[in-house]
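Count the sequence shown with this note's numbering and you get residues 11 to 261, in order.
Where is the CB? At the ideal position from N, CA and C, for every residue including glycine.
Only a predicted model underlies this, so the values are computations on that prediction, with no experimental measurement involved.
Have a look at the structure below, then the notes.
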Amino acid sequence: MSNLFDLHNKVAIVTGANTGIGQGIALALAQAGASIAAVGRSSMHETRQLVEAAGVRFIEIKADLATIKPVGTIIDETLKSLGQLDILVNNAGIIRRNDAVDFTEEDWDAVIDTNLKSAFFLSQAAGRHMISQGHGKIINIASLLSFQGGIRIPSYTASKSGLAGITRLLACEWAAKGINVNAIAPGYFVTNNTTALREDQDRSAQILARIPAARWGEPSDIGGAAVFLASKASDYVHGTVLPVDGGWLAR
Ligand code: NAP
């Protein structure tokens, strides 16, 4: 019987795969059979070890996604080294915290450029290739801030709300061309992104009290949703933003 979730003979690009949610996704895709092109600015040593232990191919592409300069190279390197491109996961992202009244242009531009602009133009470059081959899966890592306002993170909320919009736009343009564009909205996960929140005892306790699952997410909690959206199992799923949030949005 064919396995709807099987990713053998597939190649996935995962941005920001050295740590946290990106590493969790790269590992889950690898365990489902996909070879991985790990893209980022830090060493992928740990991710390489985890992915290669799953028995698939792994390449590392050094790229700083603060600008869109590396976009062409990322696609070219993947095709040259791994021979094909089936899945793109736009995971790399940053957050800057400050009150809206004090928020700087630098903190606005840095977050929008990395989280939204680079994700769009990498999707565009991957999409051109996927359109020409007639299939592909693009997964954007959105956020609860794609649905909610939050506090003290104006550019992050704008970027993640924008990413949800871009997910829907690309799905509308590309669904009939055999490409699935969807997003995952992680809830509160234990990663570098949330260090400041977890160090603030009051905020941390407030957050935990609101999570129906009664715990923060771990990077290993996100892989199942990524495998689903990367696989044949989701062939008729387009433009959705799938929360993986321990029930946060249900409360
Ligand atoms: P993280 O550990 O800080 O990971 C962020 C990743 O993005 C790292 O690999 C980081 O690389 C990479 N990155 C940042 N700026 C980059 C740049 N200019 N060029 C290349 N790579 C860059 O936090 P995370 O929680 O795993 O975040 C992953 C994604 O999940 C982000 O898009 C984040 O917004 C989203 N998210 C996280 C949560 C959460 O609760 N943790 C919730 C919702 C959404 P370096 O290690 O080199 O900085």
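beta-carbon Pro253 near the ligand NAP non-hydrogen atom, thresh 7 angstroms: no
Cut-off 8 angstroms between Cβ atoms - residues of its own chain near Arg51, not counting five sequence neighbours on either side: Lys72, Ala73, Asp74, Leu75
Ser128, buried or exposed, once every other Cβ within 10 Å from all chains shown has been counted against 16: buried
Beta-bridge partners of Pro164, as assigned by DSSP: None, per the DSSP bridge assignment.
Cβ neighbours of Gly199 in the same chain (closer than 8 angstroms, five flanking residues each side left out): The displayed chain sequence assigns Phe, not Gly, to residue 199. Taken in chain order, the residues that qualify are Gly30, Ile31, Trp226, Gly227, Glu228, Pro229, Asp231, Ile232.
Which residues DSSP lists as bridging Ala45, in chain order: Reading off the sequence shown, one finds Ser at residue 45, where the question assumed Ala. Partner(s): Val21.
Cβ distance (whole Å) where Phe15 is taken to contact Ser156 below 8 angstroms: Actually they are not in contact, since the Cβ atoms of Phe15 and Ser156 sit about 25 angstroms apart, beyond 8 angstroms.
Beta-carbon gap between Ile35 and Ala236 smaller than 8 angstroms: yes
Meets three-Cβ-pair contact criterion under 8 angstroms: the segment 104–118 and the segment 60–71: no
When Ile23, Gln216, Ser45 are compared against Leu17, the one with the closest alpha-carbon: Ser45
Cutoff 8 angstroms; reference Ser120; Cβ partners in own chain excluding five residues on either side: This sequence places Ala at residue 120; Ser is not what is there. The answer, listed in chain order, is Ala76, Ile104, Arg106, Ser165.
Environment of Thr124 [buried if 16+ CB atoms lie within 10 Å]: buried
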